[in-house]
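K.L.:
Residues in the sequence shown are numbered consecutively from 4, following this note's numbering.
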Amino acid sequence: MILTFISCSDKKAKEETAAKTDSISKPTTKNQILGVARIEPEDGIMSLTAGTSGRVLSVMIDDNQAVKKGQVLLDVEVVLENAQLRQAQSKVGTQQATIAANQATLEALKVSQNNARDNYERNLDLYKGNAQTKQALDDSKATFEKLTKDLLTAEANIRQAQAKVGEIQADINYYKTVVEKKRVAALVGGKVLKVLVKTGDFVNNDTKIADFAPDGALFAKTEVDELYAERVQVGQKAFILSQTSGDTLATGTVSYAADYLKQKSLFKDQSTEQEDRRVRDVSIRLESGKMPLIGSRVDCIIVLK
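This is the structure we're talking about:
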């Protein structure tokens, strides 16, 4: 949280003296605000979750390890899912054999139907010439009609079997996706700060597996007291100082200033601060200098325009 204006000559003199040993000179103007900030990625430190359930077979990351997007972080047991996948794959062969048998039946029925049609048409011509009996004509007609129905049934069976293959393939794709999800991968590039699981642990969708800092610039996030909040603007220059030595570590620019006031939240452990004070969230994008460690508490000076 922002503490105060630096306006008195004593404080200014101390700053100018300290600046002599800094790698980056601090501002000397009295139009500045001194605050306490925390170093974080733009969206803060992320908690990576497993996104699946099962027993961890292997953890493939370590603390402080840089990872790329898509890199596998850990493997989760997939015995059941692999069995389901193999079962679905085995059904494809069975169903394709069924289709082949139905296709053979269909071809045989086509031949029989053609022969039955020829026989019926021949008997019809003979019957018209009084050379064939009515019974023989009716029998040949019935045979032709039955084979026609059998042919339609065989075609329907093939279509049904082909549709079943499509359903089985959808199951295969589903189980492949399930198995793939058991390999937990990084959604974005960045650095693993702390691994929170170990081999043998059981995880579910919401289990936190690591603290993670995504790639990108670092930011000093602070809270400006309501007394000075309206004087902070995006684009103002800022300096980041070590709380231990007072040296300037880096420079930056105010990249975000909230449009509202809220209760302070960053440093509630400061017993000297009044809990009912309102503050404005401010982010400073670090641009040059020695980048502090993520999570560091630092002092920051915002130079007012």
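Note that CB positions come from ideal geometry on N, CA and C, so glycine has one too.
This structure is a prediction, so every number in the text was calculated from the model and none was measured.
CB residue 241 to CB residue 251, shorter than 8 Å?
P.N.:
In the sequence shown, the residue the question calls residue 241 occupies position 238. In the sequence shown, the residue the question calls residue 251 occupies position 248. For residue 241 and residue 251, no; Cβs fall outside 8 Å.
K.L.:
Closest to residue 72 by C-alpha separation, out of 192, 307, 59, 200, would be which residue?
P.N.:
Counting from 1 along the sequence shown, the entry for residue 72 is found at position 69. Out of 192, 307, 59, 200, 192 has the C-alpha closest to the C-alpha of residue 72.
K.L.:
Measuring CA to CA, which of 87, 154, 99 is closest to residue 115?
P.N.:
Translated into the one-based positions of the sequence shown, residue 115 becomes position 112. Taking only the C-alpha atoms, the option nearest residue 115 is 154.
K.L.:
DSSP three-state label for residue 138, please.
P.N.:
Here residue 138 refers to the residue found at position 135 of the sequence shown. In this structure, residue 138 counts as helix in the three-state DSSP scheme.
K.L.:
Using CA atoms only, rank isn't needed, just tell me which of 56, 284, 69, 75 is closest to residue 63.
P.N.:
Residue numbering aside, residue 63 sits at position 60 when the sequence shown is read from its first letter. Among 56, 284, 69, 75, the Cα nearest to that of residue 63 is on 75.
K.L.:
What separation, rounded to the nearest whole angstrom, lies between the Cα atoms of residue 44 and residue 295?
P.N.:
Start at 1 with the first residue of the sequence shown, and residue 44 comes out as number 41. Start at 1 with the first residue of the sequence shown, and residue 295 comes out as number 292. Computed Cα separation, rounded: 12 Å.
K.L.:
Name the two residues that bound the continuous beta strand (DSSP E) containing residue 258.
P.N.:
Translated into positions along the sequence shown, residue 258 becomes position 255. From DSSP, the beta strand (DSSP E) with residue 258 extends over 251-260.
K.L.:
Check each candidate in 136, 215, 79, 151 and name the one with the smallest Cα separation from residue 203.
P.N.:
As a first step, residue 203 must be located in the sequence shown, where it is residue number 200. Selected option, being the one with the closest Cα: 79.
K.L.:
Under a Cβ-count criterion, where at least 16 other Cβ atoms within 10 Å of its own Cβ denotes burial, should residue 258 be classed as buried or exposed?
P.N.:
Counting from one through the sequence shown, the residue named residue 258 turns up at place 255. Burial call: buried.
K.L.:
Any idea what DSSP makes of residue 235, helix, strand or coil?
P.N.:
Within the sequence shown, the letter at position 232 stands for residue 235. Residue 235: coil per DSSP, three-state reduction.
K.L.:
So residue 260 and residue 285 are supposed to be a Cβ contact under 8 Å. How far apart are they, rounded?
P.N.:
Your numbering for residue 260 matches position 257 in the sequence shown. Your numbering for residue 285 matches position 282 in the sequence shown. So it is a contact: roughly 5 Å between Cβ atoms.
K.L.:
Can you grab the Cα-Cα spacing for the pair residue 149 / residue 136, in whole Å?
P.N.:
Residue 149 sits at position 146 when you count from the first residue of the sequence shown. Residue 136 sits at position 133 when you count from the first residue of the sequence shown. Rounded to the nearest angstrom, the two C-alpha atoms are 20 Å apart.
K.L.:
Take residue 48 as the anchor and find which of 211, 130, 105 has the nearest alpha-carbon.
P.N.:
Position 45 of the sequence shown, counted from the first residue, corresponds to residue 48. For residue 48, the nearest C-alpha among the options comes from 211.
K.L.:
Any idea if residue 97 is buried or exposed, counting beta-carbon neighbours within 10 angstroms, 16 or more meaning buried?
P.N.:
Reading the sequence shown from its first residue, position 94 is the one you call residue 97. The residue in question, residue 97, is exposed, as its Cβ has fewer than 16 Cβ neighbours within 10 Å.
K.L.:
Helix, strand or coil: which one does DSSP assign to residue 92?
P.N.:
Along the sequence shown, read from residue 1 onward, the residue named residue 92 stands at position 89. Residue 92: helix per DSSP, three-state reduction.
K.L.:
Under the assumption that residue 112 contacts residue 126 (Cβ atoms under 8 Å), give the Cβ distance between them as a whole number of angstroms.
P.N.:
As a working note, residue 112 is residue 109 in the sequence shown. As a working note, residue 126 is residue 123 in the sequence shown. At roughly 20 Å, the Cβ-Cβ gap does not stay under 8 Å, so residue 112 and residue 126 are not in contact.
K.L.:
Work out the CA separation of residue 42 and residue 34 for me, nearest whole Å.
P.N.:
Within the sequence shown, residue 34 is the residue found at index 31, counting from 1. Within the sequence shown, residue 42 is the residue found at index 39, counting from 1. Going from the Cα of residue 34 to the Cα of residue 42 covers about 24 Å.
K.L.:
In this structure, does DSSP put residue 248 in helix, strand or coil?
P.N.:
Numbered from its first residue, the sequence shown carries residue 248 at position 245. Coil.
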